[in-house]
Amino acid sequence: MTIKVRVNTLISRNRYDAAISTGGLEDLGAFVLNCLGGAKRRVAILTNRTIAPIYSEPAAKSLRAKGFNVFQFILPDGEKHKNLRSLSHFLDYLGENEFQRTDAVISLGGGVIGDIAGFAAAIYLRGIPYIQVPTTLLSMIDSSVGGKTGINTGFGKNLLGAFHQPSGVFIDPSVLKTLHQREITAGLCEAVKQAILSGGKLFQITSDLLESIDPKNFADFLTTNSKIDQVERFIAAQIRFKASIVRADERERAADYTSKSRKILNFGHTFAHALEKVTQFQYLRHGEAVGHGMLFAADLSKRLEMLDNHSVKLLNDVVHRCGPLPPIAHIAPEAILQALKYDKKNLDGKLQWVLLEGIGKPKIFPGTVIPASVLTSTIKAALRK
């Protein structure tokens, strides 16, 4: 069975499908051909050293069967390689092989690969098509949809980037069987983030999944048809929520502070990005950092008398059901405060926080509203946990 979720954007006027098909990697070629309007072009697969030995050849075989001329570029694995050097090497590869605007890029990997591939596609020849083939849970439900692309710099996360919508997203949940447990936890944390922002049905679907699984044995969960169906429906529901936000605010308007703003997707991310930066993007998976970030944001919301104890407990429970988070007690509060100065969401030198008034009730706060003493004490408390 294939589930398709349509993603519509108002500014770029793009429409594309996110197709979810367990065991469907052999159908990738047909999907890409349809996304590119039936043109049999040259395609460059960007992947990493972990994914390439497992999934690169099956993907390439499917593409060749539909008449594509397939090229492949392999990067080292990890967030620390999401940088200008990796981007430059891939752009040079496209140039050396004389890729044209009629050709396309295919991202085969997690969020790091997707961000680099999308950014390269956005700026090479001022824009060529790309297809997302996410291989992590986090990238399936979040980063592959919405058109945010970019790389990190020495000053912070995602400080260079562009909005460039993919031509399609192809998701095969069976690839999750080979994921490390930490990657499953990271993806579940990002799913919890979206569920908390949405509330209602998505929160229930996500809670039900967390009740059903053990993050340490997620591969076993994907062995029966009923469980596979549950995962597919869960991924589809997550994507529908993300797509609704992208449609309302594709480019994350600076002056929009409503609950429809794309900024709400940064819930948990301000603290998370600071954690990633001070640990050189090597200690925490992005989703793990977001898990810590949500716990921080809930505590800050409570200290500001926005969030009641019951909601804080509920949020803490669902986050911890995602799996264990690496400890952060060794990180200095001063380092976090310094890193926050370079957050990409800062406006006029002021921090913006996404906090909660309840499950399904996000609220965007300019940093000037939050007393420095409250912010500092909340950071110290988060690092002690």
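Counting from 254, one number per residue, gives the positions in the sequence shown under the working numbering. Ideal placement from N, C-alpha and C gives every residue a C-beta, glycine not left out. Since this is a predicted model, take the numbers as computed values, not measurements.
8 Å contact criterion, which residue i and residue j should meet: CB distance rounded
i: L455; j: F494; result: 5 Å
i: S396; j: G367; result: 6 Å
i: V572; j: V445; result: 6 Å
i: L528; j: I581; result: 6 Å
i: L278; j: P311; result: 5 Å
i: K335; j: I369; result: 6 Å
Neighbourhood of residue i by C-beta distance below 7 Å, restricted to the same chain and skipping five residues each side
i: I304; result: L361, G362, T388
i: L578; result: E541, G544, H545
i: P586; result: T629, I632, K633, L636
i: N411; result: G403, N405, K597
i: P468; result: Q434, I437, T438, L441, C575, G576
i: P329; result: N301, R302
Under the three-state DSSP convention, the category residue i falls into
i: K335; result: coil
i: Q535; result: coil
i: V260; result: strand
i: L413; result: strand
i: E610; result: strand
i: D552; result: helix
i: T476; result: coil
i: S360; result: strand
i: F423; result: strand
i: F324; result: strand
i: V398; result: coil
i: F618; result: strand
i: I298; result: strand
i: Y308; result: helix
i: Q457; result: helix
i: N599; result: coil
Cβ neighbours of residue i in the same chain (closer than 8 Å, five flanking residues each side left out)
i: C288; result: Y269, D270, P382, I384, S420, G421
i: S465; result: F474, K480, Q483
i: Y308; result: L278, T300, L361, T388, V428
i: F372; result: L340, T402, G403, I404, L413, G414, A415, H417
i: G276; result: D425, S427
Residue i vs residue j beta-carbon contact at 7 Å
i: G613; j: G380; result: no
i: V607; j: I623; result: no
i: G409; j: K530; result: yes
i: I449; j: F487; result: no
i: V296; j: I359; result: yes
i: F326; j: L299; result: yes
i: A318; j: G282; result: yes
i: A489; j: K430; result: no
i: V323; j: I492; result: no
i: K513; j: E505; result: no
i: V285; j: A496; result: no
i: V499; j: R556; result: no
Own chain residues within Cβ distance below 6 Å of residue i, not counting five before or after
i: E610; result: M559, K616
Check whether the region 411–420 touches the region 368–379, taking contact to mean three or more Cβ pairs, one atom from each stretch, closer than 8 Å. They touch, by the three-pair rule.
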